[in-house]
Structures are given as C-alpha cells and as structure tokens.
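Quick notes on the structure that follows.
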Amino acid sequence: MCLAVPVKIVSLDGDEAETEIAGVRRRVSIAFTPEAKVGDYVLLHTGYAITVIDEAEAEETLKLLEEIASLSEVH
Amino acid sequence: MKFIDEYQDSKLARGLARKIAQRSTKTIRLMEFCGGHTHAILRYGIRQLVPKTVEMKSGPGCPVCVTATADLDKAIALAHLPDVIITTFGDMIRVPGSYSSLQKAKAEGADVRIVYSTIDAVEIAKANPGKSVIFIGIGFETTAPTIAASILKAKQEKIENFYVLSLNKLTPPVMKALLDSGEVKLDGIVCPGHVSVIIGSHPYEFIPKDYGVACVISGFEPLDILLCIDKLVEQIEKGEPKVEIAYPRGVKPEGNRKARQLMEDVFEIGEANWRGIGIVPHSGLKIRRKYERFDADKAFSVSPKPPREPKGCRCGDVIRGAATPLECKLFRKACTPERPVGPCMVSSEGACAAYYQYGTAENLPDF
Numbered sequence: 038m039c040l041a042v043p044v045k046i047v048s049l050d051g052d053e054a055e056t057e058i059a060g061v062r063r064r065v066s067i068a069f070t071p072e073a074k075v076g077d078y079v080l081l082h083t084g085y086a087i088t089v090i091d092e093a094e095a096e097e098t099l100k101l102l103e104e105i106a107s108l109s110e111v112h
Numbered sequence: 172m173k174f175i176d177e178y179q180d181s182k183l184a185r186g187l188a189r190k191i192a193q194r195s196t197k198t199i200r201l202m203e204f205c206g207g208h209t210h211a212i213l214r215y216g217i218r219q220l221v222p223k224t225v226e227m228k229s230g231p232g233c234p235v236c237v238t239a240t241a242d243l244d245k246a247i248a249l250a251h252l253p254d255v256i257i258t259t260f261g262d263m264i265r266v267p268g269s270y271s272s273l274q275k276a277k278a279e280g281a282d283v284r285i286v287y288s289t290i291d292a293v294e295i296a297k298a299n300p301g302k303s304v305i306f307i308g309i310g311f312e313t314t315a316p317t318i319a320a321s322i323l324k325a326k327q328e329k330i331e332n333f334y335v336l337s338l339n340k341l342t343p344p345v346m347k348a349l350l351d352s353g354e355v356k357l358d359g360i361v362c363p364g365h366v367s368v369i370i371g372s373h374p375y376e377f378i379p380k381d382y383g384v385a386c387v388i389s390g391f392e393p394l395d396i397l398l399c400i401d402k403l404v405e406q407i408e409k410g411e412p413k414v415e416i417a418y419p420r421g422v423k424p425e426g427n428r429k430a431r432q433l434m435e436d437v438f439e440i441g442e443a444n445w446r447g448i449g450i451v452p453h454s455g456l457k458i459r460r461k462y463e464r465f466d467a468d469k470a471f472s473v474s475p476k477p478p479r480e481p482k483g484c485r486c487g488d489v490i491r492g493a494a495t496p497l498e499c500k501l502f503r504k505a506c507t508p509e510r511p512v513g514p515c516m517v518s519s520e521g522a523c524a525a526y527y528q529y530g531t532a533e534n535l536p537d538f
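Quick note, the sequences are listed as chains L and C, same order.
When we follow the working numbering, the leftmost residue of the first sequence carries the number 38, and every step to the right adds one.
When we follow the working numbering, the leftmost residue of the second sequence carries the number 172, and every step to the right adds one.
Printed below as a string of structure tokens:
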C-alpha cells in the first residue's frame, strides 16, 4: 500500500500535473510537492506526488553500487 | 523505466552480496517493517543472496493486515447502512471480518467501490449528493496525508456527504511496542522507504539510542535493499547502531514538511488497535474536532457483534515476526490467495501472500 512509482512530469496545472510513465499518462496532485517542475521525476503514491526524486542522489547511489561491485570482485 | 531498471542490475547485486558476505561475521537478525519490502525480498530471492549469518524477519508493515477485526466489522456494518457508498483501497474488500467481508456485503447489495486514490472517493461523493460516501482510511504515514488532503478538499468544495473512517496507523510507535515486548530480538531494522519520504529519518532516532538497534531506510528495488542490508551489517559489526538513509533519492532527513503539515492539521494522535498486537498508545490518527463532520465514527452509529478471530489463523503472530507463514497449519492448505482465511494471505503486501507467490524450493521444502 505504501507503493510509489517514479513518474515524469510533462505539464503543470495549478496543484495538479500531467505525468507519464512507460507511455501511460496520468493527472496527479502535486499538493505535497509544490516545488515540482516540468521534467522532474516524482514518486507517485495513490494519485499524489509525495516527493521530487533527487537525481544527483540517484547518480551517487549508482556510483557507490558500482564501486562496491568492482571492489568486492578484487578480493 | 528510469529509477527502477538501474537498481535491478544482477551484476551489481552479486557484487553487493559478496561485500555483505565479506563483512558479516556475527549472526544477526533483521526485520523489514514494510510489506512492500517483504514482497521485494522474496520476489528477488534476497534471502538466498545474503549470507547465512543474516536472518530476515517480516514485520507489521501491511496496513490491511494490521487492521483489527473489530474495525473491519465496523466497516462492513457501515456498508449495510441505507444510502451509504463505501470507498476503499482494493485489498480491503476481500479481507474476511468476523462474520462477513466487504466483498460479501457488496454481493448482498451494499454499494462498495474500490478506488485508486482518495481523490476518486471525493469525486464519487460529488457525483452522488443523495448518498453518504465513506472512505475506509487505512494506511501508514505515506497514505495519511492523502486522506488529510481529501478531507481538506471536501471542506473547501463544501462537499457535505463525504466521510472518513480513520484507521490510519503510525510506524515508529509500533516499532517501539515490538521492541518493548522483547518477543523477537532484533539487531537491525530495514526502515520503510515511503513512510520515511513523509516523516524523514529523525523519528527513528530513539531506536538506536534506547534499544541499540540499527536502523537503515531502504528503497524498494533489489539493489536498494541489498545496500540497506550492507549498511545494517556494517553498523552491527562495528557496534555503532544509528539511523542511516540508503534511499537518498527519495528520502530527506527532514521528510516532506508540506505533507506533514496537512496531516497534522487534520489529524491528532491517539491509540490504535493493531491485529496481533492490540492497543498501541500514540500509534493511530484520529480526525481533529474542527473536522469532525467528516468523521464517520461521529456521524454514524453501528454496533457490530463482538469480533472473533478465524480459528487456527496465525496472522497476528506473522505480523509481529513471531512466526513465519510456514509455521501456520492453514498456510497453502485451508488458506490460499483464492480462499484466504486471514488478511496476510489477502493483501498484496501480506507476508503469507508473498511466501505463497514467491516461496522457493529452499524455503518450501515440500513444494
């Protein structure tokens, strides 16, 4: 039930936004994420964007995972 | 899909699993709180990827599962009132109450509708002015702001036939209740990712401080969960339990203030009745007096018969992590997803449903 999926904002309309995931479009509320901009990815939970995904942090996590994978191979 | 596929890479997962195995010397027990994590852990075979020193237990993080039978009976009784439309999230309608279910009530003529969002429930109220539309408000901190928003929307748009039966529950207080009971000894907790999007990391800080238990907030893809386990193992090996975020693309230490403001405006903290655990103080959300005209508990009076639990069902023990689904005599015999006896087999987040769906030869020897 706490399921949330990353969707991309394609347009804004007041406290709502048009979002897209894998070709599917849906109108969602951005009442909790007024800072969301077109092009941002948000986590969508039951019709509401609950946070704007931090792309820099997402990159950092991936880098860390790659480092771990390569280091543990050496040992 | 972006932010999903890249966290499912099997090569990186094997690298991470090797790192965990290299690090882990002590035998430890971790609990994943969230039902979403339980499903991901079983689906991706994470228990088979981590070393034998790391034991994983499932916890109470399935909102449908922890809804007390008495509360479910109340929802069913509300459904039978004249001119009432019940709206609820999907899993709720199949959960057996003491004597019936919302699905049976629907078959008997009650108007019970599944909604994807609280927004849809408000729309149904708008479209049916002659009926009372009651939303069965289950869920944790992730969902509570959306229920608060629906009440605020109904107030703003002067929709007078919308009500909420608030069964919302809070995560940190039930973690405290489980740790206080001492029934299941834990070394670390895989903290729920999307609850933490809202509440942030600070509300867990009492757990390492008062109980010496490590806490790491995790995302829901397999690499997220492995990274979380790695951080938990590191903390436990060093003997330095603390709260860490292994899901920084979604979770900030301060959480989502805006969502919390709405939630705090509409709700106040009260006790809640949890299946298998009982009344836990400060673990529930009640609708504040200023919004009481939306409170189904105040607007409608029903008196269902005293609740009774299904015979032999060990859902309560499974919720506390005191038993695995495999220890329940009904599992896969009398209780299946087609004919569930308890909610843990109904909900897409329930531990029994996860074991049923993804159980492997290793943990289901007679399969």
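Glycine is no exception: its CB is placed at the ideal position from the N, C-alpha and C atoms.
Query	Result
Ignore the nearest five residues each way along the sequence and tell me which others in H112 of chain L's own chain have a CB closer than 7 Å to its CB.	With a pLDDT of 49 at H112 of chain L, under the threshold of 50, the modelled position of this residue cannot be trusted; read the value that follows with caution. Hits under 7 Å: none found.
Secondary structure at R194 of chain C, three-state DSSP: helix, strand or coil?	helix
Let me check understanding here. Comparing Cα to Cα, which of C:A184, C:G280 and C:D262 lies closest to I307 of chain C?	C:D262
Counting only beta-carbon separations shorter than 9 Å, does S48 of chain L have a partner in chain C?	no
Below 8 Å, is the gap between the Cβ of K461 of chain C and the nearest heavy atom of the ligand GDP?	You won't find the ligand GDP in this model; it holds no ligand whatsoever.
Determine the closest residue to A385 of chain C out of C:F391, C:P393, C:C399 and C:E392, with distance taken between C-alpha atoms.	C:C399
Nearest-angstrom Cα distance between P419 of chain C and D395 of chain C?	10 Å
Compare the C-beta of T98 of chain L with all C-beta atoms of chain C and state if any pair is closer than 9 Å.	yes
Strictly under 9 Å for the Cβ-Cβ distance: is A73 of chain L near chain C by that measure?	no
Output yes if chain C places a C-beta closer than 9 Å to the C-beta of E55 of chain L; else output no.	no
For Q193 of chain C and S109 of chain L, which I take to be in contact (beta-carbon distance under 8 Å), what is that distance rounded to the nearest angstrom?	6 Å
By the three-class DSSP mapping on this structure, what secondary structure does I490 of chain C have?	helix
Under a CB-based cut-off of 9 Å, is K245 of chain C close to chain L?	no
Within 10 angstroms of its Cβ, does K409 of chain C collect 16 or more other Cβ (buried), or is it exposed?	exposed
Quick one: grab the DSSP three-state call for V304 of chain C.	strand
According to DSSP, is D50 of chain L part of a helix, a strand, or is it coil?	strand
Give the DSSP-derived three-state secondary structure of R580 of chain C in the structure shown.	This structure cannot speak to residue 580 of chain C, because chain C is shown only from 172 to 538.
Just the C-alpha distance for R503 of chain C and R265 of chain C, rounded to the nearest angstrom, thanks.	17 Å
Tell whether a beta-carbon distance below 9 Å holds between S372 of chain C and E415 of chain C.	yes
List, in chain order, every chain C residue whose beta-carbon is nearer than 8 Å to that of G60 of chain L.	None at all; the shortest Cβ gap to chain C is about 10 Å.
State buried or exposed for A298 of chain C, treating a residue as buried only when at least 16 other CB atoms are found within 10 Å of its CB.	exposed
Can you tell me the Cα-Cα spacing of K245 of chain C and I257 of chain C, whole angstroms?	12 Å
What span of residues does the beta strand (DSSP E) with P508 of chain C cover, start to end?	Run containing P508 of chain C: none; DSSP gives neither H nor E here.
If we ignore side chains and look at the alpha-carbon of each, how far apart do R185 of chain C and I191 of chain C end up?	10 Å
Count the other CB atoms, across all protein chains shown, that sit within 10 Å of the CB of D351 of chain C; report buried if there are 16 or more and exposed otherwise.	exposed
Do V489 of chain C and P478 of chain C come within 9 Å of each other at the CB atom, strictly closer than that value?	no
Check the DSSP bridge columns for F333 of chain C and list the partner residues they point to.	C:V304
Please list, in chain order, all residues of the same chain as D466 of chain C whose beta carbon is under 6 Å from its beta carbon, the five residues on each side excluded.	I458
On the three-state DSSP scale, how would you describe D77 of chain L?	coil
List, in chain order, every chain C residue whose beta-carbon is nearer than 8 Å to that of G84 of chain L.	Y287, S288, T289, I290, D291 and T317
Quick one: what's D282 of chain C bridged to in DSSP?	C:I256
Answer with buried or exposed for K324 of chain C, where buried requires no fewer than 16 other C-beta atoms within 10 angstroms of its C-beta.	buried
Compare the C-beta of P419 of chain C against all C-beta atoms of chain L and say whether one is closer than 9 Å.	yes
M172 of chain C CB to nearest chain A CB: under 9 Å?	The chain inventory of the structure shown lacks chain A, comprising the protein chains L and C.
So for G206 of chain C, helix, strand or coil by DSSP?	helix
Would you say the stretch 505-512 of chain C touches the stretch 218-236 of chain C, given that touching needs at least three Cβ pairs under 8 Å?	no
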